[in-house]
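Numbering-wise, the sequence shown is residues 7 to 487 according to our numbering.
For every residue, glycine included, the Cβ atom is placed at its ideal position computed from N, Cα and C.
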Amino acid sequence: MLFHSVDFAIFLPIVFIVYWYVIGNSLKAQNLFLVLASLLFYGWWDSRFLSLLLFSTVIDYGIGLLMGRCTTQRMRQFLLCVSLTVNLGVLAFFKYCNFFISSFNDAFSLFGQELRIDSLNIILPVGISFYTFQTLSYTIDVYRRKLEPTRDLIAFAAFVSFFPQLVAGPIERATHLLPQFYSKRTFDYHLAADGMRQILWGLFKKMVIADNCAAHANTIFDGYTEFSGSTLLLGAFFFSVQIYCDFSGYSDIAVGTSRLFGFDLMQNFAFPYFSRDVAEFWRRWHISLSTWFRDYIYIPMGGNRGKLYYRIRNTLVVFLLSGLWHGANWTFIAWGALNALYFLPLLLRNKNRLHLDTVAHGRLLPSLQELLSIASTFSMVLLAWIFFRATSLQQAISMLGSIFSSSLFTVPRFPGERKEITLVMIGVLFLVEWIGREEKYAIEKIGLAWPRPARWCAYYALMFTIVLLAGQDQQFIYFQF
7 MLFHSVDFAI FLPIVFIVYW YVIGNSLKAQ NLFLVLASLL FYGWWDSRFL SLLLFSTVID
67 YGIGLLMGRC TTQRMRQFLL CVSLTVNLGV LAFFKYCNFF ISSFNDAFSL FGQELRIDSL
127 NIILPVGISF YTFQTLSYTI DVYRRKLEPT RDLIAFAAFV SFFPQLVAGP IERATHLLPQ
187 FYSKRTFDYH LAADGMRQIL WGLFKKMVIA DNCAAHANTI FDGYTEFSGS TLLLGAFFFS
247 VQIYCDFSGY SDIAVGTSRL FGFDLMQNFA FPYFSRDVAE FWRRWHISLS TWFRDYIYIP
307 MGGNRGKLYY RIRNTLVVFL LSGLWHGANW TFIAWGALNA LYFLPLLLRN KNRLHLDTVA
367 HGRLLPSLQE LLSIASTFSM VLLAWIFFRA TSLQQAISML GSIFSSSLFT VPRFPGERKE
427 ITLVMIGVLF LVEWIGREEK YAIEKIGLAW PRPARWCAYY ALMFTIVLLA GQDQQFIYFQ
487 F
């Protein structure tokens, strides 16, 4: 069930009404209803995968209980290993099995040996990478004694399956989201209204910006051998805007929807394309995943402490794992490696935490230096996205070769329809996001001080824009991860 589908437009109001006005304020009944609604939401794609979700829920709930009863550290370590092995084993089978088979065959062919191991007919369960990391946060934090194991199976099942963020995040920590299922929730109009504003902005980013950019990016990437370097660079720009608006749009809808039910989810994007260096970009892009890797892999490995070799190793491991998390293809690993190369000079010069504030804080316009830093950072990120979007390393390298050639200085061809309106809407997007860059989402505070008629006119204008200018329906990109 897609957030921008008619199915979800029917599903959400029904769940909202039953949750607040039929069930009432019974905490257990609310949690149980959320579990049932979430299972329906997830099973809408393929009910066969509900068993995996329930399996992960029961396994980690049981391991948490056993950890709470353990008297020895060795037994706690064993239980944590069981959780890691089971969860990551299931993830590896469904997501990486065919990748490893293909890589194994290719490795033998390099030595002149033909090894034909057939790929398996495996369907990737939607959202498996997200809810696997979410349940692992629970068992790891219980092991670290940062969280008491829960005895409430319904609350834990609601935490794992909570439908607003189930299939594409944010990847919530158990320490943040799970306790919210223990607390009594009452309807808050202002919180719900704020959630609706964020949903509206997320739908605009997804349907008007991302889906229209997708049409142009797909045309250029699919026919990359026919276009000049300038056109390929334009295609990379469209994909850069597409993936940001697609994924941050999903996150906006997820966070906004959660507010309708009285929950607070973490901010997943903080205007990353206004970053002044790559380190700042990674603090602002897919925050729930980057902080997960930081807290559960990077810091336990030693972080940026110790000898130079270990600092480089830790950084490379995290970025390569981040690339591999995104997909079973060497292009994602190359994308992670390239971002590591961007990041390492900042880390080694102790400049990776240079920009912790918002750019041009308290000012309308950035300085010339800030503007140049933003432009150079965006350019580096844009080139890395080519590896992310390409179907093979050969395609990515070929496109970069054309971009860094004399054809870069030719007039780009702009295939497809609605090109002018797409560029105008991208300009509107960046203007609004710049104005609202100090908030949690772009239109959080914009218009709140206006008279009510003017404010509602702005909301209706945004809704009509979505209806009139929505691009061809595209599945959310991160559903494949």
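{"query": "I'd like to know whether the C-beta atoms of Gly422 and Thr225 end up nearer to each other than 7 Å.", "result": "yes"}
{"query": "Output the distance between the C-alpha atoms of Leu314 and Val214, rounded to the nearest integer angstrom.", "result": "46 Å"}
{"query": "Hey, Lys101 and Ala340: beta-carbon distance below 7 Å or not?", "result": "no"}
{"query": "Short of 8 Å in beta carbon distance, which residues of its chain neighbour Leu352, apart from the five on each side in sequence? Order them along the chain.", "result": "Asp283, Val284, Ala285, Asn358, Leu360"}
{"query": "Which residues in the same chain have their Cβ closer than 8 Å to the Cβ of Phe325, if we skip the five residues on either side of it in sequence?", "result": "Gly342, Ala343, Asn345, Ala346, Phe349"}
{"query": "Can you grab the Cα-Cα spacing for the pair Trp331 / Tyr304, in whole Å?", "result": "15 Å"}
{"query": "Roughly how many angstroms separate the alpha carbons of Tyr137 and Leu86, rounded to a whole number?", "result": "17 Å"}
{"query": "At 4 residues or longer, what runs of the alpha helix (DSSP H) sit wholly inside the stretch 146-177?", "result": "159-167"}
{"query": "When the distance is taken between beta carbons, is Ala216 closer than 7 Å to Cys251?", "result": "yes"}
{"query": "With the cut-off set at 7 Å, would you say Phe22 and Leu266 are in Cβ contact?", "result": "yes"}
{"query": "Starting from Pro351, trace the alpha helix (DSSP H) in both directions and tell me its first and last residue.", "result": "336-354"}
{"query": "To the nearest angstrom, how far is it from the Cα of Arg80 to the Cα of Leu72?", "result": "13 Å"}
{"query": "Compute the beta-carbon to beta-carbon distance between Gly133 and Ala174, rounded to the nearest angstrom, for a pair I have assumed lies under 8 Å.", "result": "7 Å"}
{"query": "With a 10 Å radius around its C-beta and 16 neighbouring C-beta atoms as the bar for buried, classify Glu178 as buried or exposed.", "result": "buried"}
{"query": "Would you mind working out which of Lys451, Asp301, Ala242 sits nearest Tyr465, comparing C-alpha positions?", "result": "Lys451"}
{"query": "Can you give the Cα-Cα distance for Tyr27 and Ser254, rounded to whole angstroms?", "result": "31 Å"}
{"query": "Counting Cβ pairs closer than 8 Å, one from the stretch 234-250 and one from the stretch 383-401, do we hit at least three?", "result": "yes"}
{"query": "Work out the CA separation of Ala43 and Gly433 for me, nearest whole Å.", "result": "38 Å"}
{"query": "Specify the secondary structure class of Asn93 as computed by DSSP and reduced to three states.", "result": "helix"}
{"query": "Which of helix, strand or coil does DSSP assign to Met488?", "result": "Beyond the ends of the chain as shown, which are 7 and 487, falls residue 488; an answer cannot be given."}
{"query": "Measuring alpha carbon to alpha carbon, tell me which residue in Arg424, Ser234, Val323, Pro176 is nearest Val417.", "result": "Ser234"}
{"query": "Would the beta-carbon of Gln204 fall within 7 Å of that of Tyr447?", "result": "yes"}
{"query": "Return the first residue and the last residue of the alpha helix (DSSP H) that Asn358 is part of.", "result": "Taken as a continuous stretch (DSSP letters only), Asn358 belongs to no alpha helix (DSSP H), as it is neither H nor E."}
{"query": "I need the straight-line Cα distance from Asn274 to Phe14, nearest angstrom please.", "result": "22 Å"}
{"query": "Measuring straight from C-alpha to C-alpha, what distance separates Leu183 and Tyr316?", "result": "33 Å"}
{"query": "Given a threshold of 16 other Cβ atoms within 10 Å of its Cβ, counted over all protein chains shown, does Asp194 qualify as buried or as exposed?", "result": "exposed"}
{"query": "DSSP three-state call for Pro185: helix, strand or coil?", "result": "helix"}
{"query": "Among Leu33, Ser328, Met431, Trp298, whose alpha-carbon lies nearest the alpha-carbon of Ile472?", "result": "Met431"}
{"query": "Pick from Val365, Pro170, Arg311, Ala180: whose alpha carbon is nearest that of Ala161?", "result": "Ala180"}
{"query": "According to DSSP, is Ile305 part of a helix, a strand, or is it coil?", "result": "coil"}
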